[in-house]
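Beneath this line is the structure, given in structure tokens, with notes to follow.
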Amino acid sequence: MRSYNLGMRAEYREEPCKSALNRVKGMMFDWSLNPYMGCVHRCTFCYVRAFERRADRPSDDRYGQSIRVKVNVVEVLRRELARASWSHETVAIGAATDPYQPAEGHYRLTRGCLEALAEAHNSFSIITRGPMIVRDADVLAEAAKRASVGMAPILPGISDKPEQLADVVRSAREAGACGIWANLLFLKPGTREHFLENLAQDWPEELERYERLYRRRAYLGKEQTNPLREQVNALAKEHGVRDRRNVRLEPEPPVIAEQLALAV
Numbered sequence: 003m004r005s006y007n008l009g010m011r012a013e014y015r016e017e018p019c020k021s022a023l024n025r026v027k028g029m030m031f032d033w034s035l036n037p038y039m040g041c042v043h044r045c046t047f048c049y050v051r052a053f054e055r056r057a058d059r060p061s062d063d064r065y066g067q068s069i070r071v072k073v074n075v076v077e078v079l080r081r082e083l084a085r086a087s088w089s090h091e092t093v094a095i096g097a098a099t100d101p102y103q104p105a106e107g108h109y110r111l112t113r114g115c116l117e118a119l120a121e122a123h124n125s126f127s128i129i130t131r132g133p134m135i136v137r138d139a140d141v142l143a144e145a146a147k148r149a150s151v152g153m154a155p156i157l158p159g160i161s162d163k164p165e166q167l168a169d170v171v172r173s174a175r176e177a178g179a180c181g182i183w184a185n186l187l188f189l190k191p192g193t194r195e196h197f198l199e200n201l202a203q204d205w206p207e208e209l210e211r212y213e214r215l216y217r218r219r220a221y222l223g224k225e226q227t228n229p230l231r232e233q234v235n236a237l238a239k240e241h242g243v244r245d246r247r248n249v250r251l252e253p254e255p256p257v258i259a260e261q262l263a264l265a266v
């Protein structure tokens with residue numbers, strides 16, 4: 003193991019991984035891929051803080067100060083995608099870390115994983131707030147023609163203004179999105195305490211609203227979520243965000259793909 007300090011007050015630990023794909027329960031996806039563990043973005047609302055707390059790891063301001071770099075993740079991923087038992091399920095990249103945090107500029111692991119998934123004809127999604135994603139526009143271009151955009155987490159009273167939502171939907175359409183979905187912030191123990199503490203400093207006028215909304219629950223109910231989703235759906239219709247694919251692509255079965263390669 004080697005460790006470096008690449009700035010951002012974080013230590014980077016180079017550690018190989020035994021597996022790249024992780025089975026996920028209780029989320030909107032079944033498989034995740036995280037080239038890094040820990041995240042220097044340290045978003046106050048990040049749901050990963052709740053998982054860190056349950057694992058007896060720091061979920062407060064210490065979170066994100068130590069980043070694990072899975073230096074062999076691309077090679078491991080290629081092996082896993084080549085297994086006969088792999089059924090080409092959709093993979094969520096960045097479920098527990100931002101795959102485009104600053105370290106990606108040096109290690110380029112996320113890009114390598116994207117290339118491996120593309121070569122295997124495997125669908126994927128990306129969770130990120132990092133602008134470095136534009137660096138990989140060449141790899142993402144084909145996938146983007148068949149991509150949806152997720153708006154989450156939307157923060158009540160902070161990022162749910164009609165003009166803000168309209169800007170995102172309009173940009174998604176301009177980028178060729180085939181669909182769009184939205185979800186409001188949820189606050190589980192570990193994330194809740196840290197978020198409210200920072201909210202009191204940055205948006206004190208919103209603190210009472212959040213304490214009331216999330217007093218006895220982590221997820222907001224239909225009375226809050228439905229109006230937001232209806233608004234986003236209406237914006238999507240207004241701006242023409244829809245599935246424009248004439249042909250739905252399916253991955254080639256591994257055996258057939260191999261036979262075709264031999265024939266050529």
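Take any residue in the sequence shown, note its place counting from 1, add 2, and you have its number in our numbering.
Think of the CB as a built atom: it goes at the ideal place given N, C-alpha and C, for glycine as much as any other residue.
Taking residue i as the reference, which of the options has the closest Cα?
i      : options                        : result
Thr227 : Arg137, Ala154, Ala202         : Ala154
Ala12  : Met29, Ala105, Arg219, Pro60   : Ala105
Ile69  : Arg56, Cys41, Asn235, Tyr109   : Cys41
Gly28  : Ala97, Ala57, Asn124           : Ala97
Cys115 : Val26, Val75, Asp169, Asp204   : Val75
Val73  : Ser150, Arg113, Arg219         : Arg113
Lys224 : Glu210, Arg211, Leu186         : Leu186
Cys1   : Ala149, Gln166, Lys190, Glu165 : Only positions 3 to 266 of the chain appear in this structure, which leaves residue 1 out of reach.
Arg90  : Ile182, Ser34, Ala220, Ala143  : The residue asked about is misnamed: residue 90 is His in this sequence, not Arg. Ranking Ile182, Ser34, Ala220, Ala143 by Cα distance to His90 puts Ser34 first.
His123 : Val136, Gly107, Trp88, Ala220  : Trp88
Arg81  : Gly66, Ala118, Gln67           : Ala118
Assuming residue i is part of the beta strand (DSSP E), what are its boundary residues?
i      : result
Leu186 : 181-186
Glu16  : 13-16
Pro155 : 150-156
Arg25  : 23-25
Ser127 : 126-128
Val71  : 68-71
Ser34  : 33-35
If you measure between the beta carbons of residue i and residue j, is that distance less than 9 Å?
i      : j      : result
Pro158 : Leu83  : no
Val93  : Phe53  : no
Thr46  : Phe197 : yes
Arg44  : Asp63  : yes
Ile95  : Ser125 : no
Pro133 : Tyr102 : yes
Arg231 : Ala179 : no
Ala177 : Val151 : yes
Arg194 : His241 : no
Pro55  : Asp100 : Reading the sequence as shown, one finds Arg at residue 55 and not Pro. Against a cut-off of 9 Å, the Cβ pair of Asp100 and Arg55 comes out as no contact.
Gly192 : Arg244 : no
Arg25  : Val71  : no
Leu167 : Gln233 : yes
Output the distance between the C-alpha atoms of residue i and residue j, rounded to the nearest integer angstrom.
i      : j      : result
Ala202 : Glu208 : 8 Å
Cys19  : Leu79  : 10 Å
Asp138 : Ile160 : 30 Å
Ser173 : Pro37  : 28 Å
Ala236 : Tyr216 : 27 Å
Val141 : Arg110 : 13 Å
Met39  : Arg51  : 12 Å
Glu213 : Pro229 : 20 Å
Val136 : Ala238 : 23 Å
Ile156 : Arg211 : 15 Å
Gly107 : Pro164 : 34 Å
Glu17  : Glu77  : 14 Å
Arg218 : Tyr65  : 25 Å
Ala143 : Ala220 : 36 Å
Asp204 : Ala149 : 34 Å
Ser5   : Val171 : In this predicted model, Ser5 has a pLDDT of only 48, less than 50, meaning its place in the structure is not dependable enough to derive any value.
Just mark residue i as buried or exposed, buried being the case when its beta carbon has 16 or more other beta carbons within 10 Å.
i      : result
Pro206 : exposed
Ala86  : exposed
Asp169 : exposed
Asp162 : buried
Tyr22  : The residue you asked about is not Tyr; residue 22 is Ala in the sequence shown. With 16 or more Cβ atoms within 10 Å of its Cβ, Ala22 is classed as buried.
Answer yes or no: the CB of residue i versus the heavy atoms of the ligand SAH, is any distance below 8 Å?
i      : result
His241 : This structure lacks the ligand SAH; in fact it carries no ligand of any kind.
Along the chain, where does the alpha helix (DSSP H) containing residue i start, and where does it finish?
i      : result
Asn228 : 224-240
Arg80  : 75-83
Ala94  : Careful: Ala94 lies outside any alpha helix (DSSP H), inside the beta strand (DSSP E) at 93-95.
Leu215 : 209-215
Leu111 : 111-121
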